[in-house]
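Peer 1:
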Amino acid sequence: MDVISLTKDSFHKQIEHGVTLVDFYATWCGPCKIQLPIVEEIAKELKSEATIAKVDIDAESDIASEYDVKSIPTLMIFKDGYKLETFVGVQSKAVLMQKINEYTAIGDTC
8 MDVISLTKDS
18 FHKQIEHGVT
28 LVDFYATWCG
38 PCKIQLPIVE
48 EIAKELKSEA
58 TIAKVDIDAE
68 SDIASEYDVK
78 SIPTLMIFKD
88 GYKLETFVGV
98 QSKAVLMQKI
108 NEYTAIGDTC
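Plus 7 on top of the position in the sequence shown (first one is 1) and you've got our numbering.
1) Rounding to the nearest angstrom, what Cα-Cα distance links residue 34 and residue 63 in this structure?
2) Roughly how many whole angstroms lie between the Cα atoms of residue 45 and residue 67?
3) Counting only C-beta atoms, is residue 73 closer than 8 Å to chain D at any point?
4) Measure the alpha-carbon distance for residue 110 versus residue 26 and round it to whole angstroms.
5) Residues in its own chain within less than 7 Å of residue 10 by CB, not counting five upstream and five downstream?
6) For the alpha helix (DSSP H) containing residue 102, list its first residue and its last residue.
7) Identify whether residue 69 lies in helix, strand or coil by the three-state DSSP scheme.
8) Let's test the definition: count the other Cβ atoms within 10 Å of the Cβ of residue 112 and tell me whether it reaches 16, buried, or not, exposed.
9) Taking only three categories from DSSP, how would you classify residue 61?
This is how it looks when you write it as structure tokens:
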């Protein structure tokens, strides 16, 4: 599965069900350019186990404000609409995969 680009119109609907990793980034951000290939690799590997998405904070500043994103990259893991984890700065594939797998193993929260 590819990384999905989210907008204010699609964000809340996307995070409502299952596990979603969201990468908050900007096109001009150097560390974000390091993080994106890692996020893309995770998306290809996980396929349907979790949704991997990204939000351009310049284009979607309302979402960034709602979730208090102050530094980028910021990555958040949501499950069934609830924010469970926040990571600031470049994160390794191993760290992100461990956390995503942890939350997908729990099962539904409803």
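For each residue, glycine too, the CB sits at the ideal point set by N, CA and C.
All figures in this text were calculated on a predicted structure; none of them were measured in a lab.
Peer 2: On the basis of the supplied data:
1) 7 Å
2) 22 Å
3) Among the chains of the structure shown, chain D does not appear; only one protein chain is present.
4) 7 Å
5) 46, 47, 50, 59, 60 and 61
6) 100-113
7) helix
8) exposed
9) strand
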